[in-house]
Amino acid sequence: MTFLPSNGGLHGFQFTFETYLDSSSQKIEADSDHSSPSRDIYDSVSLSESISKYEEEFGRTYHSYRAGSYHYPNDPTETERLDDQYEIAKELMEGRNYFAPFSRKNPPRKVLDIGTGTGTWAIDMGDEFPEAEIIGTDLSPVQPDLVPPNVRFFVEDSSDEWIYPTNYFDYIHTRYTLGCWSDMKSQIIQRAFDHLKPGGWLECQELNVLPVCDDGSMTDDYKLLQWARDMDAASRAADRQLVIGDDIKQWLGDVGFVDVQQMVLKLPVGGWAREPRLKHLGMLWQRNLSGGLGGLSVGLLHRFGGKTIEQVEVDLVGVRNSMFDRNVHAYMKIYIVWGRKPDVIS
Numbered sequence: 001m002t003f004l005p006s007n008g009g010l011h012g013f014q015f016t017f018e019t020y021l022d023s024s025s026q027k028i029e030a031d032s033d034h035s036s037p038s039r040d041i042y043d044s045v046s047l048s049e050s051i052s053k054y055e056e057e058f059g060r061t062y063h064s065y066r067a068g069s070y071h072y073p074n075d076p077t078e079t080e081r082l083d084d085q086y087e088i089a090k091e092l093m094e095g096r097n098y099f100a101p102f103s104r105k106n107p108p109r110k111v112l113d114i115g116t117g118t119g120t121w122a123i124d125m126g127d128e129f130p131e132a133e134i135i136g137t138d139l140s141p142v143q144p145d146l147v148p149p150n151v152r153f154f155v156e157d158s159s160d161e162w163i164y165p166t167n168y169f170d171y172i173h174t175r176y177t178l179g180c181w182s183d184m185k186s187q188i189i190q191r192a193f194d195h196l197k198p199g200g201w202l203e204c205q206e207l208n209v210l211p212v213c214d215d216g217s218m219t220d221d222y223k224l225l226q227w228a229r230d231m232d233a234a235s236r237a238a239d240r241q242l243v244i245g246d247d248i249k250q251w252l253g254d255v256g257f258v259d260v261q262q263m264v265l266k267l268p269v270g271g272w273a274r275e276p277r278l279k280h281l282g283m284l285w286q287r288n289l290s291g292g293l294g295g296l297s298v299g300l301l302h303r304f305g306g307k308t309i310e311q312v313e314v315d316l317v318g319v320r321n322s323m324f325d326r327n328v329h330a331y332m333k334i335y336i337v338w339g340r341k342p343d344v345i346s
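Just so it is clear: in the sequence shown, position 86 is 86 by full-length UniProt numbering, and no numbers are missing.
In structure tokens:
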């Protein structure tokens with residue numbers, strides 16, 4: 001089921017975008033009808049047996065390279081959720097994968113996708129730009145073997161010094177890397193600036209996990225909000241930044257990017273929105289988030305939140321139930337920020 005416009009989205013983007021896509025200042029109207037359902041530069045860590053033999057804990061598997069630095073699982077349950085999450089994000093963005101000013105007539109030549117996950121974004125970019133060189137990096141080798149010939153995946157920790165030459169990439173991309181970095185500004189944004197060619201673009205598409213509400217229907221005891229706050233506190237204890245969306249635009253400017261643009265999209269939690277497309281996306285997001293709560297929560301809240309496994313599981317029952325309450329008009333913000341490295345560095 002999809003609600004994409006008949007013209008296939010906002011193609012031919014140069015430096016502007018259709019204003020209806022940016023929902024940062026628009027209020028989502030609630031549906032009053034509750035009857036509907038809710039070395040060589042490519043030298044990197046080889047895919048050795050030790051890397052592919054994952055850590056096992058809490059009945060899930062986790063990456064073994066730099067074990068413990070990323071607190072979410074990498075098993076088939078989670079990778080399937082990530083693929084579904086990718087489709088939700090793409091539909092929310094009207095079929096787009098990027099907002100930096102690239103097109104078939106103005107393609108990127110060298111692209112880096114940091115924290116590529118299952119690699120779906122990199123594969124789509126490889127199909128769209130067959131002459132481009134697409135690199136995806138991640139701590140887990142969970143990407144498929146059958147990919148376009150111009151797409152390559154590597155096991156890397158992007159919080160380390162990068163192996164790539166400076167002034168090399170045309171485009172560097174992140175999406176939903178919340179909880180990956182201790183300091184995204186210095187570890188990712190500054191390094192992206194250094195490794196982009198003059199005139200190259202960085203684009204960060206990041207989710208703010210703290211739910212918000214425009215009409216006061218979400219109270220402070222809303223279980224999903226409490227969960228997000230607990231996750232944020234545990235992430236801070238783990239020296240990982242979880243809530244980063246509000247800061248990314250400033251970070252790009254601080255580092256030296258110019259022509260910095262920001263778009264904020266609203267993703268409803270559940271099927272409470274009146275508009276059919278947002279209602280559909282809200283129900284998809286509710287299902288995706290609900291299905292992933294266990295994997296996202298257990299390791300972090302047990303290791304750094306002071307909770308037993310049993311406490312976490314009991315709490316998550318209330319969190320899941322809260323997402324079905326259509327009287328609470330909660331949504332999450334997606335921050336899309338892109339900026340250009342100057343042609344001449346002063």
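Note that CB positions come from ideal geometry on N, CA and C, so glycine has one too.
Starting from the Cα of residue i, find the closest Cα among the options and give me that residue.
i, options, result
"G235", "M263, S297, C204", "Rather than Gly, the amino acid found at residue 235 in this sequence is Ser. Residue S297 is the option with its Cα nearest to S235."
"D31", "G282, V317, P144", "G282"
"Q143", "E310, I309, D83", "D83"
"W285", "F304, R320, H173", "R320"
"N208", "E133, D232, W251", "D232"
"G245", "A89, L210, M93, P107", "L210"
"R217", "G126, M323, T118", "First, the residue type needs correcting, since residue 217 is Ser and not Arg in the sequence shown. Among G126, M323, T118, the Cα nearest to that of S217 is on M323."
"T118", "L92, T79, M93, P108", "T79"
"I28", "G126, H280, R274", "R274"
"K110", "L267, S290, R303, N167", "N167"
Within 10 angstroms of its Cβ, does residue i collect 16 or more other Cβ (buried), or is it exposed?
i, result
"residue 354", "Here the chain covers residues 1 to 346 and nothing more, so residue 354 does not appear."
"N74", "buried"
"E87", "exposed"
"T177", "buried"
"L146", "exposed"
"Q85", "buried"
"P276", "exposed"
"K105", "exposed"
"P149", "exposed"
"R191", "buried"
Which value, in whole angstroms, describes the spacing of the CA atoms of residue i and residue j?
i, j, result
"E156", "L139", "6 Å"
"L301", "G294", "10 Å"
"L278", "V212", "16 Å"
"D247", "E128", "30 Å"
"D215", "V269", "14 Å"
"F102", "F257", "17 Å"
"G299", "Y72", "7 Å"
"P37", "L316", "No answer about P37 holds up, because its pLDDT of 41 lies below 50 and its placement is not dependable."
"L224", "V337", "26 Å"
"F58", "L265", "34 Å"
"residue 380", "K333", "What is shown of the chain runs 1 to 346, which leaves residue 380 out entirely."
"W227", "D160", "30 Å"
"Y313", "Q261", "The question names Tyr, but residue 313 in the sequence shown is Glu. Taking the straight line from one Cα to the other gives about 40 Å."
"I114", "T77", "22 Å"
"F169", "Y331", "35 Å"
"E131", "T219", "51 Å"
"S158", "L196", "15 Å"
"I189", "L252", "7 Å"
"D259", "E310", "49 Å"
"D124", "Q26", "30 Å"
"K90", "H173", "14 Å"
"I345", "E133", "25 Å"
"G318", "Y222", "9 Å"
"L267", "L92", "8 Å"
"T120", "R303", "30 Å"
Suppose the cutoff is 6 Å on Cβ atoms and the five residues either side in sequence are ignored; what does the same chain contact list for residue i look like?
i, result
"D43", "With a pLDDT of 45 at D43, under the threshold of 50, the modelled position of that residue is not reliable, and the figure given next carries that caveat. Hits under 6 Å: none found."
"I135", "L112, R152"
"G292", "R81"
"G179", "S235, R240, L242"
"Q205", "R175, I336"
"Q126", "As written in the sequence, residue 126 is Gly, which differs from the Gln given in the question. Counting only Cβ-Cβ distances below 6 Å, and skipping sequence neighbours, we find I134, P148, N150, V151."
Using a Cβ-Cβ cut-off of 7 Å (strictly less than) and excluding sequence neighbours within five positions of residue i, which residues of its own chain qualify?
i, result
"G199", "R340, K341, D343"
"W272", "A30, D31, G282, R326, H329"
"I41", "Any reading at I41 is ruled out, since the residue's pLDDT is 49, under 50, leaving its predicted position unreliable."
"K307", "L301"
"K249", "V260, Q262, V337"
"D230", "L301, G305"
"S290", "R320, M323"
"P108", "F102, F129, A132, D170, Y171"
Near residue i, what residues of its chain come up, given a Cβ to Cβ distance below 8 Å and the 5 sequence neighbours on each side ignored?
i, result
"R39", "Note that R39 scores 42 on pLDDT, short of 50, meaning its location in the model is unreliable; the coordinates nonetheless yield the value given after this. These residues qualify, in order along the chain: I163."
"D54", "Residue 54 is actually Tyr in this sequence, not Asp. Excluding positions up to five away in sequence, the list reads T61, Y62, H63, S64, N74, D75, S140."
"F193", "L202, V255, G256, F257, K341"
"T116", "A122, G136, T137, D138, Q143, F153"
"E56", "Y62"
State yes or no: is the beta carbon of residue i nearer than 7 Å to at least one beta carbon in chain B?
i, result
"L296", "Within the model displayed, chain B is absent; a lone protein chain is all it includes."
- Cβ contact check for the segment 178–186 and the segment 91–100: 3 or more pairs under 8 Å: no
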